[in-house]
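What follows is a short report on a single structure.
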Amino acid sequence: MTTTIHLEYEGKAARLPLQSPKRSKVAPAIQRRTTAGAVNNVRIFNAARRVDLKSLSTEDVASGDPELDLSMAGTLADPDLLSTAFVDKAGTVVRDFEEIEAVLKPDGTEKERRPRTDRTANVNDVRPIKVGKFMPVDEALTSFVFRGVYQVVHEDGLGHDFLRGLAEKLEKEKSVAVLGAGQKGNQPLVLVDGGSPYRAFLYGESAKEGTYRLLILLSNQELKLPA
Amino acid sequence: MPAISFTLSGKTLSCELARKVTKDDLYGRLKKLTIKGDEVLVRGCLTADGRCVPASSISNSRLDPEGSPVDKEEILYDGTSREPLPSSFEEAAPLETAPLKALASFCVTDVYPLEGATLKKGLYSTWFSYRKSPERKEAFVLAKDGDTFLLVGYAKNSPFVGKIVPYELFDAESATGGDEEDEEMNFAMM
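Protein sequences appear in the order of chains B and W. Per the working numbering, numbering of the first sequence is gapless, rising by one per residue and ending at 234. Per the working numbering, numbering of the second sequence is gapless, rising by one per residue and ending at 467.
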């Protein structure tokens with residue numbers, strides 16, 4: 008499945024394929040085995056039982072195992088036969104619940120609660136991703152932690168000229184361009200529905216014989232120490 | 278903090294590996310909650326016979342073909358057995374100067390500050406392995422403005438493209454979120 012990016016630069020917009028370059032080093036195929044044969048990863052029921060520890064007395068713990076439920080312990084938990092449920096403190100299944108998200112500060116304290124938002128992909132939206140401000144390439148590479156690298160390529164001659172021109176300009180100015188989504192072009196990029204938002208930078212290089220390399224660098228973190 | 282050493286031009290450089298820095302440490306994080314009223318509900322599982330068990334009562338395990346829990350296993354890499362190599366704390370990894378643009382095709386998975394590192398400003402390629410393992414991860418050490426970071430991850434081979442795009446050099450799955458994380462984030466950074 009190829010992802011398409013709708014990119015706008017200097018008033019020209021184009022829908023272009025977004026490719027994922029292969030890793031430089033191919034990860035080895037890992038097999039785990041014992042003398043009996045290949046090892047299988049499975050999910051099993053352990054003996055944990057949900058109990059309110061504050062409600063237990065020392066006598067309860069000494070006389071039995073209230074924190075254990077051995078009836079299903081050791082049996083396989085087939086994901087196809089399990090359904091997700093949400094339970095309250097009393098252990099009752101709750102059917103009418105609300106899904107929210109809590110914003111936590113770096114120290115773990117809760118800042119606010121708000122309705123849960125489901126992000127949708129925005130790289131191939133009606134509104135194109137805008138090529139925004141340029142920033143020095145060295146500053147960008149040493150200021151942000153890049154989590155993903157994707158490559159924009161062309162499908163036809165026009166696309167080739169458009170992208171090569173952009174790559175040449177970025178290289179000549181020793182800059183990367185900040186990419187942004189939305190009407191103002193200041194929103195982070197979301198590549199897939201439900202995916203994480205990333206700040207994106209366009210990195211370009213060109214070489215002889217009309218070749219170029221235009222990379223989208225995705226970052227969700229500055230390269231700095233916590234306050 | 279564990280001590281870690283590198284070698285550069287025949288000299289040994291010693292420093293300390295500080296705790297990993299994540300985006301949660303810088304900006305906080307979003308936590309998904311399921312609530313009823315003020316009570317936060319706990320995720321559980323309904324079994325086929327109608328019992329409700331907490332999610333914590335299900336564990337991952339490794340079984341052999343006979344159904345016995347695996348005690349000792351052999352790990353094959355590309356079909357062959359390999360001896361584990363010393364970790365980064367047991368062997369000094371060599372540093373080689375690298376062009377800054379190498380970071381443009383490097384996907385970072387972990388960031389560790391290096392405390393007490395006395396390196397000239399610049400980028401150095403190396404390897405990192407937190408534990409003994411047959412595989413070592415690709416890494417860069419970046420010295421900048423008084424701070425030094427160890428960036429662990431993997432490099433991507435992004436090719437120059439001409440009139441004809443060499444699609445065989447790209448992953449077939451393309452940008453469908455292979456590098457995506459599930460977590461949301463706060464964009465205070467921008």
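Idealized CB from N, CA, C, for every residue including glycine. Keep in mind the model is a prediction, meaning the values are calculated, not measured.
| Asked | Found |
| --- | --- |
| Whole angstroms is fine: what's the gap from Leu427/W's alpha carbon to Arg123/B's? | 35 Å |
| Of all the options Ala214/B, Ala147/B and Asn131/B, which has the alpha carbon lying nearest to the alpha carbon of Val199/B? | Asn131/B |
| Where does Val110/B fall in DSSP's three states? | strand |
| Expressed to the nearest angstrom, what Euclidean distance is found between the alpha-carbon atoms of Thr82/B and Gly98/B? | 22 Å |
| For a contact meaning CB atoms closer than 8 Å, what does Thr218/B contact in chain W? | Phe437, Val438 and Gly439 |
| Using a Cβ-Cβ cutoff of 9 Å, what residues of the segment 150-162 of chain B are near chain W? List them in chain order. | Ser150, Phe151, Val152, Phe153, Arg154, Gly155, Val156, Tyr157, Gln158, Val160, His161 and Glu162 |
| Quick one: residues in its chain with C-beta nearer than 8 Å to the C-beta of Val197/B, no 5 flanking neighbours on either side, listed in chain order? | Arg126, Thr127, Ala128, Asn129, Val130, Ala188, Ser203, Pro204 and Tyr205 |
| Give me the chain B residues within the contact set of Glu350/W, using Cβ-Cβ distance strictly less than 9 Å, ordered along the chain. | Arg39, Arg40, Thr41 and Val46 |
| Just mark Ile37/B as buried or exposed, buried being the case when its beta carbon has 16 or more other beta carbons within 10 Å. | exposed |
| Using only CA atoms, which one of Gly192/B, Thr42/B and Arg220/B lies nearest to Ser345/W? | Thr42/B |
| Once you ignore the five residues that flank Gly192/B on each side, which residues in its own chain have a CB closer than 7 Å to its CB? | Lys137 and Gly139 |
| Mapping DSSP to helix, strand and coil, what is Lys414/W? | strand |
| Less than 8 Å between the beta carbons of Val156/B and Ser435/W, yes or no? | yes |
| Which partner residues of Glu119/B appear in the DSSP bridge assignment? | Val110/B |
| Spell out whether any CB of chain W is found under 8 Å from the CB atom of His13/B. | no |
| Listed from N- to C-terminal order along the chain, which residues in the segment 351-370 of chain W have their beta-carbon within a distance smaller than 8 Å of any beta-carbon of chain B? | Glu351, Ile352, Leu353, Tyr354, Asp355 and Gly356 |
| Looking at the C-beta of Arg123/B, does it have a partner C-beta in chain W at a distance below 8 Å? | yes |
| From the beta carbon of Phe104/B, is the nearest beta carbon of chain W less than 8 Å away? | yes |
| Looking at the C-beta of Val281/W, does it have a partner C-beta in chain B at a distance below 8 Å? | According to the sequence displayed, residue 281/W carries Ile and not Val. Judged by the 8 Å Cβ criterion, Ile281/W is not in contact with chain B. |
| If you count every other CB in all the chains shown that lies within 10 Å of the CB of Gln190/B, and 16 or more means buried, which is it? | exposed |
| Against chain W, which members of the segment 188-217 of chain B pass a CB distance test of less than 7 Å? | Pro195, Leu198, Val199, Gly202, Ser203, Pro204, Arg206, Tyr210, Ala214, Glu216 and Gly217 |
| Can you pull the chain W residues whose beta carbon is under 9 Å from the beta carbon of Phe52/B, in chain order? | Thr324, Val330, Ser334, Ile335 and Ser336 |
| Would you please state the rounded distance, in angstroms, between the beta carbons of Lys300/W and Leu362/W? I believe it to be under 8 Å. | That pair is no contact at about 30 Å. |
| Just the Cα atoms here: how many angstroms apart are Lys112/B and Thr311/W? | 19 Å |
| Can you check whether the CB of Val438/W is closer than 8 Å to the CB of Tyr219/B? | yes |
| Evaluate Asp114/B with the Cβ neighbour count: other Cβ atoms within 10 Å of its Cβ, from every protein chain shown; 16 or more gives buried, anything less gives exposed. | exposed |
| May I ask which residues mark the beginning and end of the beta strand (DSSP E) holding Asp387/W? | Phe383 to Glu392 |
| Could you work out which residues of chain W lie near Ser31/B, taking near to mean beta carbons separated by less than 7 Å? | Ala432, Lys433 and Asn434 |
| Measure the C-alpha to C-alpha separation of Arg339/W and Ala332/W and round it to an integer number of angstroms. | 18 Å |
| By Cβ distance below 7 Å, which residues in the same chain neighbour Val185/B in space, the five residues on each side in sequence not counted? | Gly139, Lys140, Met142 and Phe208 |
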